[in-house]
Amino acid sequence: MSSIWFATPDIADMNRQMENTACSNLGIVITEAGDDYVVGTMPADERTFQPVGLVHGGANVLFAETLGSMAANLCLDNSKEYAVGQEINANHLRGVRSGELTGIAKLVHKGRSSQVWEIRINNAEGKLSCISRLTMAVVAAQ
1 MSSIWFATPD IADMNRQMEN TACSNLGIVI TEAGDDYVVG TMPADERTFQ
51 PVGLVHGGAN VLFAETLGSM AANLCLDNSK EYAVGQEINA NHLRGVRSGE
101 LTGIAKLVHK GRSSQVWEIR INNAEGKLSC ISRLTMAVVA AQ
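Okay, so the sequence shown: first residue is 1 according to UniProt numbering, each after it adds one.
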C-alpha cells in the first residue's frame with residue numbers, strides 16, 4: 001500500500017505542535033503514523049475524568065479530533081492549504097475509569113475540499129470505548 005501523506009510524518013514534530021494546548025493539557029501523545037493512519041494515546045485520569053470518575057465524553061471528542069486533524073493535515077501541502085474541523089460526532093460505547101486510551105484515525109474519504117476520518121478509541125484492554133467520525137474542511141492557506 002502506498003502512503004496517503006503529502007510528506008513523511010514526523011512524530012516528534014507532531015507532538016511539539018501540541019505543546020501548551022488543550023491536547024498537551026489532557027496528556028494526548030501521538031505515538032505512530034502508518035501509511036494511512038495515525039495513532040495516539042490519552043490517559044484516563046483526573047485530567048480527562050468527569051465528576052463520576054469516568055473519561056469525559058468531551059475529552060474523547062477532543063482526542064478524536066486531535067488525531068483526525070493531525071492526520072488530515074499530513075495529507076496536504078500546508079504551505080498551500082490546511083484542514084480544519086467542520087463536524088464531529090462520537091458514540092461513547094464503554095465507560096473508562098483507568099488506564100490509557102489508544103485512538104486510531106483512518107481516512108474514509110479524501111476530496112478536494114473535504115476529508116472524512118473515522119477515529120476508534122479503545123480502552124487499555126483493547127475494547128472499543130468510543131467511535132467518532134470527523135469531517136474536515138480543506139481551506140487555502142492565508
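C-beta: ideal position from N, C-alpha, C; glycine also.
Because the structure is a prediction, the values reported are computed rather than measured.
By a C-beta neighbour count over all protein chains shown, 10 Å radius and 16 as the cutoff for buried, is Gly126 buried or exposed? Its Cβ having fewer than 16 others within 10 Å, Gly126 is exposed.
What does DSSP give as the partner residue(s) for Arg120 in the beta ladder? Looking at the DSSP output, Arg120 bridges to Ile104, Ile131.
Do Ile28 and Ala64 have their C-beta atoms closer together than 8 Å? The answer is no: Cβ separation not under 8 Å.
Check whether the Cβ atoms of Thr135 and Thr41 sit closer than 8 Å, and answer yes or no. Cβ distance not < 8 Å, so Thr135 and Thr41 don't count as in contact.
Extent of the continuous alpha helix (DSSP H) run through Met70: In this chain, the alpha helix (DSSP H) harbouring Met70 covers 57 to 74.
Do Ser129 and Ile119 have their C-beta atoms closer together than 8 Å? The Cβ atoms of Ser129 and Ile119 lie no closer than 8 Å to each other.
Compare the beta carbon distance of Ala83 and Ala137 with 8 Å and say whether it is the shorter of the two. Yes, Cβ-Cβ distance for Ala83 and Ala137 is below 8 Å.
Backbone secondary structure at Met14 - three-state DSSP: Helix at Met14.
Counterpart residues of Thr41 in DSSP-defined beta bridges: Val29, Thr102, per the DSSP bridge assignment.
Under DSSP, the beta strand (DSSP E) around Val84 begins and ends at which residues? First-last of the beta strand (DSSP E) with Val84: 81 to 92.
Does the Cβ-Cβ distance between Ser98 and Ala59 come in under 8 Å? Not closer than 8 Å, so no.
Measure the C-alpha to C-alpha separation of Asp36 and Ala105 and round it to an integer number of angstroms. Between the C-alpha atoms of Asp36 and Ala105 there is a straight-line separation of about 9 Å.
DSSP on Ser3, reduced to helix/strand/coil? For Ser3, the secondary structure class from DSSP, reduced to helix, strand or coil, is coil.
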